[in-house]
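Worksheet: one structure, shown below.
Protein chains in written order, with our numbering: chain S, 1 to 424; chain A, 1001 to 1305.
As structure tokens, then:
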């Protein structure tokens, strides 16, 4: 059995980050320790790099089925692997939406065919994402779905949300909410404030997110069920999460690289690449989200990778679809926004999202017998985001100088990325 | 100045220089033959993706008075109905030989996007609720010619500020030129914040009227009735309508302005609209001169001789 020796890196282990080599034998880690004997193994230089579990993105849009001109599971898998990921959770707002078992099976099977990352489908909470009645939750569960969301819209009816949370708590599933009150959002285009007022565009107040999170936390308290907040964007949401966690509610949250990196003043350019929901917020919100990711109030990073074709974004701001891609720039963007060491990065990029989405084969720190699903990050690698593996290029980091990048990725002992080159 | 996209791109000296040029074109337009050969051989295209009468006609009149050729694009009869994108449409208009494009579009930022795609000068003829810079220039010219100055005047802009590109443009021009601007509207029609704007804000027209030199009434977008931004038109009129009674309380010499089209009986009473001190038609006339000045400024540098 061919062995691989990841040599000379800083390894995230249960004992903290230690300078060590990692020996992989087949699909598992054989040993972790300093100065391991190569003994004929394929030696991979990891000097200056962080070695830890393969990254997991709990929030991507792969657009398949239905919108393959923006992205498909093949191009999205390439983008994910290039960004250091070994697993992604695909949002169910495809066409058709993933609200029944056979659809979730299709997404996972396409992921297996491509074979670069494990693709898990999230499932809709409600049929057709219409917010009227529960989707086929049992079917979805049987098809491997563990995360349920109507992402793109909130589950607006608190009674329906309650029933979904209660029903899923029997199995251990979790509802993830795109928190946005439709009435307060008012068809808005960007954060409501100085920039929206100057541009004459309808804004989305921070409270549109916060009223939904506050209400949902009350429902979580009522049901005792797990609850996850997607793409936290405001300081008010951070305060609600902090209180809910200190109260002991089973709540988790994610932040996107773009909400950690940019504020709403970027929209003064009316460049559609800065249009996304929730919108970029005030500088004080960015600071609060950064601090929350640093202290663990926000548990994880989710990119909300949302590809759109060039011709769709090359229109006036107001006419542009919402969303930015993020898989390939996530590590650099987060390292640039929040001071995290290897333990912090792998907790937020692997352990927490794997736990959220019930991905048993992911999110394990390297140790004897753990899966050989490993990402090696070079935290000081300088590069410019120019060529994307994603089919779309709607990235606010496009052309920008970045620091930090995945150098090697292994999925069950097989390289999917080696020296920044995809292997498949 | 390569484009005219946003009135806030111009400083006070640039604004005043354009107004000075406009005064010259007012004089041209008063001649027996109101036409100069300044832009002969140039082609000016108006691309109005949103309905307009006065602005498009005013630009065409201005172009013709400068001896330019004009082309008109209207979405109703165009390939837009076949799904052609804004970008492809304006690239096509440029390829046909347009030397300058005037763009009106319902989307905020449209003219700026167009200017990024094209190599010819672009004039913003209105983008959503954002900017309408030639309207601000014509209003400033109208006021300057009536009062002989703008510095120190009290300008009240009344009505749906939140959704008005006229308000956003005019308040910036008037405050840059030294006027004191007060925005008057119910809170639902004010911008969510005016932090950093050089304006005062009031929700009571009757408190502002006695001090105002210029009362600038905005069109009530009655089609917004369904959005519940105020309870009813009669209630709007009772708080913010320029009625005959309110007209009588203005100080001597004060003027009433409106960008048109007017909703008579709503934001402006018939008697006020038809009063000699209402400058509504004067604004329309000044619009032609101002647009001549803008077109000349943007294309004049390329004229031989």
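We put the CB at the ideal spot given by N, CA and C, even for glycine.
> Leaving out the 5 sequence neighbours to the left and right, which residues in its chain are closer than 7 Å to residue 1035/A when beta-carbon positions are compared?
Replying inline: 1065 and 1067
> For residue 295/S, which three-state DSSP category applies?
Replying inline: helix
> Looking only at DSSP bridge pairs, what is residue 1045/A linked to?
Replying inline: 1071/A and 1101/A
>> I want to know whether the region 1069-1078 of chain A touches the region 1043-1052 of chain A - three or more CB-CB distances under 8 Å.
In response: yes
>> Mapping the DSSP letters down to three states, classify residue 228/S as helix, strand or coil.
In response: strand
>> Any C-beta of chain S within less than 9 Å: which residues of the region 1092-1109 of chain A qualify?
In response: 1105, 1106, 1107, 1108 and 1109
> Name the chain S residues whose beta carbon is nearer than 8 Å to that of residue 1124/A?
Replying inline: Those do not exist, as residue 1124/A stays about 12 Å from chain S at its closest Cβ, beyond 8 Å.
> residue 96/S: which of 113/S, 333/S, 67/S and 418/S sits nearest, CA to CA?
Replying inline: 67/S
> How should residue 129/S be labelled, buried or exposed, when 16 other C-beta atoms within 10 angstroms of its C-beta is the threshold for buried?
Replying inline: buried
> Contact between the region 286-294 of chain S and the region 219-230 of chain S: three or more CB pairs below 8 Å?
Replying inline: no
> What distance in whole Å lies between the Cβ atoms of residue 1002/A and residue 1121/A, which are believed to be in contact at a cut-off of 8 Å?
Replying inline: 6 Å
> Under a three-way DSSP split, which group does residue 1278/A fall into?
Replying inline: strand
> chain A beta carbons: is any one of them nearer than 8 Å to that of residue 196/S?
Replying inline: yes
> Is residue 350/S helix, strand or coil when you go by DSSP?
Replying inline: helix
> Where residue 198/S and residue 1155/A are concerned, what is the direct C-alpha to C-alpha distance, given to the nearest angstrom?
Replying inline: 19 Å
> Closest by CA to residue 1271/A, which one among 1248/A, 1261/A and 1253/A?
Replying inline: 1248/A
> Between the Cα of residue 283/S and the Cα atoms of 258/S, 139/S and 270/S, which residue gives the shortest distance?
Replying inline: 258/S
>> Please report whether the beta-carbon of residue 1278/A lies at a distance below 8 Å from any beta-carbon of chain S.
In response: no
>> Please classify residue 1232/A as buried or exposed, where buried requires at least 16 other C-beta atoms within 10 Å of its C-beta.
In response: exposed
>> With a threshold of 8 Å, are at least 3 pairs of Cβ atoms found where one atom belongs to the region 314-333 of chain S and the other to the region 1096-1114 of chain A?
In response: yes
> Does the beta-carbon distance from residue 85/S to residue 123/S come in below 8 Å?
Replying inline: no
> Would residue 254/S be called buried (16 or more neighbouring beta carbons within 10 Å of its own) or exposed?
Replying inline: buried
> What number of angstroms, rounded off, separates the C-alpha of residue 488/S from the C-alpha of residue 1099/A?
Replying inline: Look at the range of chain S in this structure, 1 to 424, and you will see that residue 488/S is not part of it.
> From 332/S, 423/S and 271/S, pick the residue whose C-alpha is nearest to that of residue 321/S; which is it?
Replying inline: 271/S
>> Please identify the residue among 1253/A, 1282/A and 1251/A whose C-alpha is closest to the C-alpha of residue 1260/A.
In response: 1282/A
>> Please classify residue 17/S as buried or exposed, where buried requires at least 16 neighbouring CB atoms within 10 angstroms.
In response: buried
> If you compare alpha carbons, which of 1192/A, 1207/A, 1158/A and 1214/A is closest to residue 1183/A?
Replying inline: 1158/A
>> Please give me, in chain order, every unbroken run of the alpha helix (DSSP H) with length at least 4 that falls completely inside the region 350-391 of chain S.
In response: 352-356
>> Does residue 1024/A come out as helix, strand or coil in the three-state DSSP assignment?
In response: helix
> When the distance is taken between beta carbons, is residue 1166/A closer than 8 Å to residue 1217/A?
Replying inline: no
>> With a threshold of 8 Å between beta carbons, is residue 184/S in contact with chain C?
In response: The chain labelled as chain C is not found among the protein chains of the depicted structure, namely S and A.
> Taking 8 Å as the CB-CB limit, is residue 1192/A close to chain S?
Replying inline: yes
>> Three or more C-beta pairs under 8 Å: does that hold for the region 27-45 of chain S against the region 156-173 of chain S?
In response: no
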